[in-house]
Structure formats: structure tokens, C-alpha cells
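Q:
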Ligand code: PRP
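In UniProt numbering, the protein residues as written are 1 to 211.
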């Protein structure tokens, strides 16, 4: 009898794509494993897996503390949270990029302000370029900041570019391409190595196949 594997899954954008990938990798999960219900723990006995449906930013925390053995998380969150976990696999889903964005008439200013959901990543990025900026942490709708004069630039995610287009903003520089990653708790990775490795192999084989 295999041990139960606890998986932290991010609710929202990544969720459906991650489930679809897990199913394609041969895990016996139902088609309708949507996150529209309010349930926070979903068990799939056939797969001997338990899914913890978490806020994306909290996934690395659950995995670091070992309440989840593995997790699915965006590289953006992984970089920002900087938790002590293993990054096992690039799942190649939820592809987007983290970019520096501003109004089209943006000009360098004295004491520039940058608004972002990713203060650690943004600070490091500007520090490495020798640029001194004041980073302002926001929790969403980051594109508002340059529109209403809170910041002259933002660091945010771009997927389709629709949000930028609809708000008259321009992408000045791509910082990193972003995809979702499979991460593991360090102890779980040792104790449940066969199980986790099996899952990694199945996912890896699936990722390289056309849908
Ligand atoms: C994300 C991101 C951008 C938008 C990019 O926001 O912060 O605002 O999606 O997607 P697009 O290029 O396809 O338009 P999200 O919808 O997660 O919500 P938030 O603004 O609350 O962060």
C-alpha cells in the first residue's frame, strides 16, 4: 500500500491547468476537479493523494513546513517567498513573464517609486542594476499604480498583455519568463522518494508530449 501523498495546489489561474496535467500524466483524478467549491481539502483515494487547496502565495510555506509533501507553484511566488524547498520540475504550465511596466511617456525621475506584488524580486532586480528605487508593496491590481500616480513604474506579471492594453501601459523590460514548478519538502523528498520520483517521471514524460 502506497503512502498518502499530500499536494498543495494553488487556487486560481494555475489550478485547472495543473489538474489537467496531472490527469494527462495518468493520475486517476476526476475531470471535474474544479476549485469552484469551498472545500479546502480534496482526497482522491484511487490516486492515494490528498490535495490542499491553498492561496498561491502560501504554497511554498505549506511545503516548507511539511504539511504538504509537494506543491505546485508559480516561479514568481517561489522567487519572492524564497522558502527552503526543493524545486523538482518545470511543469511548463501557466506560462507568462515578469516585467517592468510603465506609461508610454515614462521618463527616469529622481527618487523613483516602483509598485509590485513582488518586493523582494523587484528590489533585487533594481539593486543589481545599480538603480535606487523605493519599492511599494501592493496586493493586486498593480496596474493602477502608474495610472493614479502612486508609482512611476510597476513590476508585474504579463500573460496575454490584455491588462496592459486596456490600461494604456507599456512593457519596458522582461525580467524573467515564468512557469509553474513542482516543489517538494526536503524530508518528504527523502522519506517518500519513490512515490515523488514516480510522479515526477510521469509528469516529465507528459510535459514533453503534445496535448
Ligand atoms: C495578473 C497580473 C496582471 C494580469 C496579467 O493579475 O498581475 O494584472 O494578471 O494578465 P494579462 O496579461 O493576461 O492581462 P491577476 O488577474 O492575477 O489579479 P491581480 O491584479 O489581483 O494581481
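We treat Cβ as the ideally placed atom computed from N, Cα and C, and that holds for glycine.
Quick caveat, the model's predicted, so the values are computed rather than measured.
How about residue 101: is its Cβ closer than 7 Å to a heavy atom in the ligand PRP?
A: Every heavy atom of the ligand PRP is 7 Å or more from the Cβ of residue 101, so no.
Q: Going by Cα to Cα distance, which pick from 168, 75 and 6 is closest to residue 68?
A: Of 168, 75 and 6, the residue nearest in Cα terms is 6.
Q: Measuring from the CB of residue 142, is there a heavy atom of the ligand PRP at a distance below 7 Å?
A: Answer for residue 142: yes, Cβ within range of the ligand PRP.
Q: Leaving out five residues on either side along the sequence, give the residues of the same chain with a beta carbon under 6 Å from the beta carbon of residue 57.
A: Closer than 6 Å at Cβ, skipping near neighbours: 77.
Q: Can you tell me the Cα-Cα spacing of residue 136 and residue 117, whole angstroms?
A: Answer to the nearest angstrom: the Cα atoms are 8 Å apart.
Q: Please name the residue or residues paired with residue 90 in a DSSP beta bridge.
A: Note: residue 90 sits in a beta bridge opposite 181.
Q: On the DSSP letters alone, give me the boundaries of the beta strand (DSSP E) that residue 115 sits inside.
A: Counting along the chain, the beta strand (DSSP E) containing residue 115 begins and ends at 113-116.
Q: Mind checking which residues open and close the alpha helix (DSSP H) that includes residue 141?
A: From DSSP, residue 141 is part of no alpha helix (DSSP H); its letter is neither H nor E.
Q: I'd like to confirm something about residue 61: is its beta-carbon nearer than 7 Å to some heavy atom of the ligand PRP, or not?
A: Residue 61: no, Cβ never under 7 Å from the ligand PRP.
Q: So, is residue 41 buried or exposed, given that buried needs 16 or more other C-beta atoms within 10 angstroms?
A: It counts as exposed.
Q: Select from 201, 133 and 14 the residue whose C-alpha is nearest the C-alpha of residue 178.
A: Of the listed residues, the one whose Cα sits closest to residue 178 is 14.
Q: Under the rule that 16 or more other beta-carbon atoms within 10 Å means buried, what is residue 43, buried or exposed?
A: When all chains shown are included, residue 43 counts as exposed.
Q: For residue 175, which residues of its own chain have a beta-carbon under 8 Å away from its beta-carbon, when the five flanking residues on both sides are left out?
A: Around residue 175: 97, 98, 99, 100, 121, 125 and 155.
Q: Taking 8 Å as the cut-off, does the segment 181-197 touch the segment 59-66 (at least 3 CB pairs, one atom from each stretch)?
A: The answer is yes - the segment 181-197 touches the segment 59-66, with three or more Cβ pairs under 8 Å.
Q: Is it buried or exposed for residue 72, if we count other Cβ within 10 angstroms and need 16 for buried?
A: Under this definition residue 72 is a buried residue.
Q: Between residue 159 and the ligand PRP, is there a pair consisting of the residue's CB and a ligand heavy atom that are separated by less than 7 Å?
A: Residue 159 Cβ: within cutoff of the ligand PRP.
Q: Can you name, in chain order, every residue of its own chain whose Cβ lies under 6 Å from the Cβ of residue 80, other than the five neighbours on each side?
A: Excluding positions up to five away in sequence, the list reads 118, 120 and 121.
Q: Compute the beta-carbon to beta-carbon distance between residue 113 and residue 143, rounded to the nearest angstrom, for a pair I have assumed lies under 8 Å.
A: Residue 113 to residue 143, Cβ: 15 Å. No contact.
Q: Quick check: the Cα distance between residue 49 and residue 138, rounded to an integer number of angstroms?
A: Straight-line Cα distance between these residues: approximately 35 Å.
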